[in-house]
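At position 70 of the sequence shown (counting the first as 1) the number is 70 in UniProt numbering, and the numbers step up by one without a gap. From the three backbone atoms N, C-alpha and C, an ideal C-beta is built for every residue, glycine too. Each remark here refers to the structure printed beneath this line.
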Amino acid sequence: MCLFLGFEYKASEKMADRVRMPSAASIVARSYPDKIIGIENTLPWHLRTDLQLFKKRTLGHAVIMGRKTFESIGKPLPNRVNIILSRSKLDILDEYPSVKWAADPETALYFADVDSIISGNKEFFIIGGEQIYNLFNKFMNRVFVTDVFCGNINGDAKFDVDFAAGDVGKRSEWIIKREEEYPKTVSDDYPFRVTEYRRRMPLHRYRVKEEAMGRVPDVEAFWLSKDMHLTHVDQNDAQLNFWESLDQ
Ligand SMILES: NC(=O)c1ccc[n+]([C@@H]2O[C@H](COP(=O)([O-])OP(=O)(O)OC[C@H]3O[C@@H](n4cnc5c(N)ncnc54)[C@H](OP(=O)(O)O)[C@@H]3O)[C@@H](O)[C@H]2O)c1
Numbered sequence: 001m002c003l004f005l006g007f008e009y010k011a012s013e014k015m016a017d018r019v020r021m022p023s024a025a026s027i028v029a030r031s032y033p034d035k036i037i038g039i040e041n042t043l044p045w046h047l048r049t050d051l052q053l054f055k056k057r058t059l060g061h062a063v064i065m066g067r068k069t070f071e072s073i074g075k076p077l078p079n080r081v082n083i084i085l086s087r088s089k090l091d092i093l094d095e096y097p098s099v100k101w102a103a104d105p106e107t108a109l110y111f112a113d114v115d116s117i118i119s120g121n122k123e124f125f126i127i128g129g130e131q132i133y134n135l136f137n138k139f140m141n142r143v144f145v146t147d148v149f150c151g152n153i154n155g156d157a158k159f160d161v162d163f164a165a166g167d168v169g170k171r172s173e174w175i176i177k178r179e180e181e182y183p184k185t186v187s188d189d190y191p192f193r194v195t196e197y198r199r200r201m202p203l204h205r206y207r208v209k210e211e212a213m214g215r216v217p218d219v220e221a222f223w224l225s226k227d228m229h230l231t232h233v234d235q236n237d238a239q240l241n242f243w244e245s246l247d248q
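If you want it as structure tokens, here you go:
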């Protein structure tokens with residue numbers, strides 16, 4: 001077994017061309033107990049402390065979001081590669097180099113994998129909204145859930161995962177790693193609780209070299225656009241090492 005930028009790959013005959021990809025995590029704030037996350041493309045609350053936690057966790061990592069969530073934020077999240085899912089090409093790509101357009105979930109995962117590998121991150125984040133959480137739920141190994149104690153509210157988007165439920169007669173797939181309560185304050189509309197869930201049996205994704213290299217036509221441009229993001233890894237070395245290490 002060898003390590004490159006913290007990622008394992010197995011050099012046995014069968015696994016020679018397989019590399020373990022970074023892990024998907026997600027972050028969501030939802031009303032308790034109704035699981036509402038948004039209304040008319042906006043958040044139903046203002047929780048400054050929770051936004052600060054979100055920023056601290058995601059900074060420097062790739063984030064995947066839906067086109068509607070991107071529009072609700074209004075601009076790219078700074079110091080993160082923003083991967084936006086939309087079936088139509090985004091017209092803001094020239095304006096914001098940190099934005100990557102993904103026309104399908106596979107391309108979004110590919111961009112997140114590449115960014116994480118060359119940035120030395122073991123994880124990237126799925127940050128909503130409802131459609132995008134639903135697309136990627138099966139890949140998430142770690143989920144930060146903020147339960148907002150706001151009572152019953154109207155909403156049109158939900159995060160409907162039940163972390164306590166298991167298949168009939170089986171225990172939950174999830175364990176609680178950490179939980180913390182926060183009070184209502186002048187800058188937090190409601191009290192809330194943040195729970196970190198970990199998947200009991202993490203799902204590992206692998207790629208083979210040929211698939212990864214041939215996946216996106218503008219991969220060269222993607223590497224080049226990473227200049228502003230790479231501080232601790234030399235871009236070209238990382239790119240070369242990553243692929244060449246598979247041959248060793
Ligand atoms: N509370 C929270 O933590 C939180 C976090 C994030 C968002 N939100 C809220 O969630 C709401 C938005 O959620 P939403 O579900 O309506 O929208 P969304 O998930 O943010 O974005 C949906 C869009 O993603 C694109 N998309 C979806 N599936 C795709 C696929 N398979 N391939 C390519 N593109 C795909 C489509 O864009 P096109 O139509 O352009 O093709 C679709 O309209 C807002 O109210 C927002 O404020 C809450």
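- Lys138 is classed as exposed because its beta carbon has fewer than 16 other beta carbons within 10 Å across all chains shown.
- The nearest non-hydrogen atom of ligand 1 is 7 Å or more from the C-beta of Gln52.
- Between Ser88 and Glu106, the alpha-carbon positions lie close to 15 Å from each other.
- Annotation note: the region 6 to 76 contains the following uninterrupted alpha helix (DSSP H) runs of length 4 or greater, listed N- to C-terminal: 48 to 58, 67 to 73.
- Val99 is positioned such that its CB atom lies no closer than 8 Å to that of Arg80.
- For Leu135, the enclosing alpha helix (DSSP H) starts and ends at 130 to 136.
- With contact defined as three or more Cβ pairs closer than 8 Å, the region 18 to 33 and the region 129 to 149 are in contact.
- The Cβ neighbour count for Ile84, taken over all protein chains shown within 10 Å, is at least 16; the residue is labelled buried.
- Put simply, the region 153 to 167 does not touch the region 100 to 120. Fewer than three CB pairs are less than 8 Å apart.
- Taking 8 Å as the cut-off, the Cβ atoms of Tyr197 and Phe149 do not count as close.
- Between Ser119 and Asp50, the alpha-carbon positions lie close to 25 Å from each other.
- Nearest to Arg193 by alpha-carbon distance, out of Arg20, Tyr32, Val19, Arg18, is Tyr32.
- Under the criterion of beta carbons closer than 8 Å, Gly129 and Lys68 qualify as touching, at roughly 6 Å.
- Taking non-hydrogen atoms of ligand 1 into account, the C-beta of Glu130 is found less than 7 Å away from one of them.
- The C-beta separation of His204 from Asn121 comes to about 16 Å, leaving the pair out of contact by the 8 Å criterion.
- Comparing alpha-carbon positions, the option among Asp34, Arg18, Gln52, Thr42 lying closest to Ser187 turns out to be Gln52.
- As the crow flies, the alpha-carbon of Phe54 is around 13 Å from that of Ile73.
- Only residues of its own chain outside the window of five on either side were considered, and among them Phe163, Ala164, Ala165, Gly166, Arg200 have a CB closer than 8 Å to the CB of Ser172, listed in chain order.
- Annotated three-state conformation of Tyr190 is coil, per DSSP.
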